[in-house]
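The sequence shown begins at 50 in my numbering and counts up by one.
Ideal Cβ positions, reconstructed from N, Cα and C, are used throughout, including at glycine.
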Amino acid sequence: MPLVDQKEILLPALKEHRAVGAFNANNMEMVQAFTWAAEEMSKELGKPVDLIIQLSPGASKYAGWSLGAGMVKIVANESKIRIALNLDHGTTIDDVKKSLENGFTAVLIDASALSLDENMKLTKETVKMCHDVGVPVEAELGKIPKIEDYFSSSEIAHLRSLPDAEAVKIIREKAGKSVEELMAKPDDVEKFVNGTGCDFLAAAFGSIHGIWGDIWPIRVDRLIEIQNRTPLPLVSHGSSGILMNRKVAAEKGIELRENEGTLLDAIQTGGVTKVNVATALSIAFIEGFTDSFKANPSEKDFRKLGGPGRDKVKEKTKEYMKLFAGL
Ligand code: G3H
Ligand code: ZN
């Protein structure tokens, strides 16, 4: 079926206290993997699983705006799954214009690098442009940093080689205070939401973009304070790094403080309705691709490597969908 408005996916999810995955695609294989995962999960669960596919401005430039969006539109048209196409982390009016020209059905304007007033101004301008053509807008309050803001690439490579609990300890020491300071302030929520007219809120509640495995706890106390200030669907960013649930935390030996929680807590008690995942899926593709090449270093056929990459992305996507379905 044609792409659907992201509101049609998120408003029912909000009512039913469940989350929908918003997965970042960087190539054709990932678009297929997300859709096939949703189709398979729909069959396994016996009820439809909705899907949000996201393209960042970077991914849209990599593929070309029209080819990137075009792939998602074609895959959606050929599927019975309800799929929305979201611009992820647009930062300029030009990004917004390009996504509207190319038929995106939702837009995130991320003006979190600006002051609160400037953020509101750019978000309001985006809302006007998008609502004029019936497209909903996600906006960002507070700032969700990326792991590269705190560690160099060689430090990240080292952290990835450590036991998870040890990596978390080091990240807490170096980034913890800053991540806390960047969180959205509950007192700003009503002013921001009412002043901009945005439809979905990506508020910072302690996550970090770009962590390689689910190891990082979020500040569920702050999330709940934010949730108490707005009826809008909330969005979790940097979700690859967030601990999936308390069982995983215990298995990894990662201790949660009293005010901390997991992705499942964010959905069940924090009102998170849209869960953005990028890094975990990118890593899944790279692993599937490179493992196949290592197993057969004489391989010359791209499809023999891209196919396993796609399979790994599909499996990882299903893992998230199962979590969201409470399995
Ligand atoms: O907007 C995209 C997400 O916030 C992805 O973050 O790469 O840490 O999963 P992630
Ligand atoms: Zn994000």
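Counting C-beta atoms within 10 angstroms of its own C-beta, N277 has fewer than 16 neighbours from the protein chains shown and is therefore classed as exposed. If you check the CB distance, K122 and G95 do not come in under 8 angstroms. Taking a C-beta distance under 8 angstroms as the contact criterion, S105 and H66 do not qualify as a contact pair. The beta-carbon separation of A125 and L63, rounded to 22 angstroms, does not stay under the 8 angstroms limit for a contact.
In the three-state reduction of the DSSP assignment, F338 falls in the helix class, which pools H, G and I. According to DSSP, S285 shares a beta bridge with V324. Residue range I132 to G139 is occupied by the beta strand (DSSP E) that includes D137. I196 sits in a helix when the DSSP states are folded into three classes. Shown here for G287: same chain residues with a beta carbon closer than 6 angstroms to its own, the five before and five after excluded, namely I193, S256, I257 and H258 in chain order. Judged by DSSP secondary structure, A62 falls within the alpha helix (DSSP H) whose first and last residues are Q55 to K64.
Spatial neighbours of T318 in its own chain (CB-CB distance under 7 angstroms, excluding positions within 5 residues in sequence) are listed in chain order as V269 and I273. Here the C-alpha atom of I267 lies approximately 15 angstroms from the C-alpha atom of E222. Shortest gap from the CB of N325 to any heavy atom of the ligand ZN: under 7 angstroms. Taken from the Cβ of I257, every heavy atom of the ligand ZN lies 7 angstroms or farther away.
Put simply, the stretch 230-247 does not touch the stretch 202-213. Fewer than three CB pairs are less than 8 angstroms apart. Ranking L250, L283 and I58 by CA distance to the CA of I130 puts I58 first. Annotation note: the stretch 161-216 contains the following uninterrupted alpha helix (DSSP H) runs of length 4 or greater, listed N- to C-terminal: 165-181 and 202-210.
Excluding five sequence positions before and after T245, the CB atoms of its chain that fall closer than 7 angstroms to its own CB belong to M169, T172, K173, V176 and A188, given in chain order. Here DSSP, grouped into helix, strand and coil, assigns N243 to helix. Judged by beta-carbon spacing, V284 lies within the 8 angstroms limit of L250, meaning their Cβ atoms are closer than that value.
Using a cutoff of 7 angstroms, the CB of D137 counts as near the ligand G3H, since one of the ligand's heavy atoms is closer than that. Distance check between P282 and each of G70, A327, M293 and T322 places T322 closest, using alpha-carbon atoms only. Here Q103 is near N325, since their CB atoms are less than 8 angstroms apart. Per DSSP, the continuous alpha helix (DSSP H) segment holding L372 begins and ends at F351 to F373.
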